[in-house]
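Asker: My numbering numbers the first residue of the sequence shown as 49 and each following residue consecutively. Glycine included, C-beta positions come from ideal geometry on N, C-alpha and C. Quantities reported herein were computed from a predicted structural model and do not represent experimental measurements. Please see the structure below; I have some questions.
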Amino acid sequence: MTETGNQRSAGQAYLVRPGDDGEGSGPGVLVLSSWWGLTSGIKDFCNRLCDEGFVVLAPDLTGGLLPDTAAEAEVELAATDPNSTANLVLSSAFALRSATDNPSGPVAVVGFSMGASWALWAATRQPESFDKVVVYYGSQSIDFGDLQARVQGHFAEHDELVAEDDVLLLESELFELGLEPEMWHYDGVGHWFAEQGVAESYDEAAAELAWRRTLDFLRS
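See the structure below:
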């Protein structure tokens, strides 16, 4: 595995490829971070996927910023141009596809919180680019009519940012489209439960269970 900070059409990003020389190929996974940015926890998640044989690209959705508090992250998010983020997400998918073992085929996308919303949007906006979507405690309020990818979701029982009604609505809409999403709910945990080092709500047991389920889903 080789770690690379790439400045390319996808913008500043964290790219890891399998193999001792870091030049290996394999199926692709696009990882979209929460508003905490490209933290060590997100990079560790990418590295673990790479160790399992995936080519992984995580674009820097926060422009290099690593906020220390939720209040700081909210201010930075409010100042972000959503059109620029949308372009970054889609161009990152294009760049990732070119690095996989099937450049003309789709990739998977995993999103955390804010990144989960972008993952659902991207897979709906550009359905030919994505075959699997993994959502960690995030939702999206759009028309999913063009979505073709399989969806897996991981949601917290005590989530102060994502309402239970929004999760149920997302699940219902996906089922109505015949997509049969795989939705997992984790008792006793809160938002950010799968992101180590960014919030007190990180829960190792729940995070590891979600990781195993994510890996099984990506391999299926």
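By alpha-carbon positions, which one of H239, G101, P115 ends up nearest to L86?
Answerer: Measuring from the Cα of L86, the nearest candidate turns out to be P115.
Asker: Can you tell which of W166, Y62, D235 has its C-alpha closest to the C-alpha of S132?
Answerer: It is W166 whose Cα lies nearest to the Cα of S132.
Asker: In chain order, what residues of the same chain have a beta carbon less than 7 Å from the beta carbon of F241, not counting five sequence neighbours either side?
Answerer: Closer than 7 Å at the Cβ level, and outside the excluded window around F241, lie A204, Y234, S249, Y250, D251, A254, A255.
Asker: Return the Cβ separation of L125 and P107 in integer angstroms, given the expectation that the two are a contact with Cβ distance under 8 Å.
Answerer: In fact, because the Cβ distance is near 15 Å, the residues do not count as touching under 8 Å.
Asker: What do you reckon, are the CB atoms on G76 and T172 nearer than 8 Å?
Answerer: Not closer than 8 Å, so no.
Asker: Whether or not the segment 174-181 and the segment 192-203 are in contact is what I'm after, with contact meaning three or more pairs of Cβ atoms, one per stretch, closer than 8 Å; do they touch?
Answerer: Touching, yes.
Asker: For the beta strand (DSSP E) containing D235, name the first residue and the last one.
Answerer: Residues 230-238.
Asker: Pick helix, strand or coil for P107, following the three-state DSSP scheme.
Answerer: Here P107 sits in strand by DSSP.
Asker: Look up D179 in the DSSP assignment and say whether it is helix, strand or coil.
Answerer: DSSP places D179 in strand when its eight states are reduced to three.
Asker: Suppose you measure from the CA of L138 to the CA of A170; what does that come to, to the nearest Å?
Answerer: Approximately 7 Å between the Cα atoms of the pair.
Asker: Starting from the C-beta of P154, find all residues in its chain whose C-beta is less than 6 Å away, skip the five residues before and the five after it, and write them out in chain order.
Answerer: So the list reads S177, F178, D179, once near-sequence residues are dropped.
Asker: State the Cα-Cα distance for the pair V157 and T110, rounded to the nearest angstrom.
Answerer: Computed Cα separation, rounded: 18 Å.
Asker: With distance defined between alpha-carbon atoms, name the residue in G89, F223, L78, C98 nearest to D68.
Answerer: The shortest C-alpha separation from D68 is found at C98.
Asker: Please report the straight-line C-alpha distance between V246 and A118, rounded to a whole angstrom.
Answerer: Cα to Cα, V246 sits roughly 9 Å from A118.
Asker: Do S82 and E160 come within 8 Å of each other at the CB atom, strictly closer than that value?
Answerer: This sequence places Phe at residue 160; Glu is not what is there. A contact, by the Cβ cut-off of 8 Å.
Asker: If you run the structure through DSSP and keep just helix, strand and coil, what is L217?
Answerer: Helix.
Asker: Quick check on DSSP: helix, strand or coil for V210?
Answerer: Coil, per DSSP.
Asker: Could you give the C-beta distance for Q188 and L217, rounded to a whole number, given that I count them as a contact under 8 Å?
Answerer: Contact flag wrong, Cβ pair sits at about 10 Å.
Asker: Can you tell me which residues form a DSSP beta bridge with F160?
Answerer: Paired residues: Y184.
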